[in-house]
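Here's the structure we're looking at; comments come further down.
Residue numbers (the working numbering), protein chains in the order written: chain A, 1 to 141; chain B, 142 to 213.
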């Protein structure tokens with residue numbers, strides 16, 4: 001299950017927010033664009049391998065725009081501030097998925113990416129959540 | 142640069158960054174909100190800087206899927 005497929009299937013019932021955070025493997029950091037890049041490409045075929053870590057909010061917005069275009073999830077992208085405040089609050093780096101219920105509580109907290117990044121788990125959580133909502137609504141009638 | 146020196150450089154890069162980043166990642170993971178916790182509220186802007194979104198605006202309306210990531 002790809003994120004794009006999840007969005008296509010559930011966007012009428014669930015609000016999807018893509019949040020661009022600090023780069024995981026920039027050229028000026030833990031870069032995976034060298035000779036080992038075929039391995040990296042296998043797991044992230046549309047990821048960039050020639051991006052420097054953005055230092056200003058303008059640079060972040062530009063990189064996030066490139067990312068949104070290249071990955072084409074269809075989900076509107078929002079950009080974390082340079083102080084990483086949302087990334088830190090959600091311990092989200094390098095990737096992570098959450099589902100937040102209408103009550104403002106976390107309904108699903110995914111594992112840290114890349115190994116814990118599991119869109120299938122998010123789908124299961126969405127299904128469970130929507131089913132529980134349906135049962136609750138029926139009980140109130 | 143031949144492929145062997147390239148791989149050697151890659152290994153050096155991993156050795157340089159991985160321990161520090163993994164340590165930070167593990168520390169952050171302990172602080173991650175868990176199922177049942179109140180979701181930390183935020184307001185962020187889109188890639189144009191013109192359109193904000195506030196998580197708490199969706200309370201009582203729709204569940205929200207948060208997808209965190211970057212381009213690399």
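Ideal Cβ placement from N, Cα and C applies to all residues, glycine included.
Note that the structure is a prediction, hence the values are computed from the model and not measured.
Cβ-based burial, residue i [other Cβ within 10 Å; buried from 16]
i, result
"residue 201 (chain B)", "exposed"
"residue 90 (chain A)", "buried"
"residue 190 (chain B)", "exposed"
"residue 55 (chain A)", "exposed"
"residue 92 (chain A)", "buried"
"residue 126 (chain A)", "buried"
"residue 145 (chain B)", "exposed"
"residue 95 (chain A)", "buried"
"residue 157 (chain B)", "exposed"
"residue 138 (chain A)", "exposed"
"residue 159 (chain B)", "exposed"
"residue 32 (chain A)", "buried"
"residue 80 (chain A)", "buried"
"residue 63 (chain A)", "buried"
"residue 168 (chain B)", "exposed"
Sequence-distant residues of its chain with Cβ nearer than 6 Å to residue i (five each side left out)
i, result
"residue 109 (chain A)", "98"
"residue 184 (chain B)", "193 and 195"
Residue i and residue j closer than 8 Å at C-beta
i, j, result
"residue 17 (chain A)", "residue 205 (chain B)", "yes"
"residue 27 (chain A)", "residue 6 (chain A)", "no"
"residue 24 (chain A)", "residue 211 (chain B)", "yes"
"residue 105 (chain A)", "residue 177 (chain B)", "yes"
"residue 102 (chain A)", "residue 203 (chain B)", "yes"
"residue 188 (chain B)", "residue 128 (chain A)", "no"
"residue 82 (chain A)", "residue 207 (chain B)", "no"
"residue 136 (chain A)", "residue 1 (chain A)", "no"
"residue 112 (chain A)", "residue 170 (chain B)", "yes"
"residue 199 (chain B)", "residue 58 (chain A)", "no"
"residue 22 (chain A)", "residue 84 (chain A)", "yes"
Neighbourhood of residue i by C-beta distance below 7 Å, restricted to the same chain and skipping five residues each side
i, result
"residue 192 (chain B)", "186"
"residue 11 (chain A)", "none"
"residue 13 (chain A)", "130"
"residue 180 (chain B)", "174 and 196"
"residue 142 (chain A)", "Any property of residue 142 (chain A) remains undetermined from this structure, which presents chain A solely from 1 to 141."
"residue 150 (chain B)", "none"
Residues bridged to residue i [DSSP beta-bridge criterion]
i, result
"residue 210 (chain B)", "A:20"
"residue 97 (chain A)", "B:208"
"residue 15 (chain A)", "B:205"
"residue 78 (chain A)", "A:19 and B:187"
"residue 193 (chain B)", "B:186"
"residue 109 (chain A)", "A:98"
"residue 179 (chain B)", "A:105"
Residues near residue i in its chain [Cβ-Cβ closer than 8 Å; skip 5 each side]
i, result
"residue 116 (chain A)", "96 and 110"
Residue i Cβ short of 7 Å to the ligand MN heavy atom set
i, result
"residue 165 (chain B)", "This structure simply doesn't include the ligand MN, nor any ligand for that matter."
*Is there contact here, the region 159–169 of chain B with the region 68–76 of chain A, by at least three beta-carbon pairs under 8 Å?*
no
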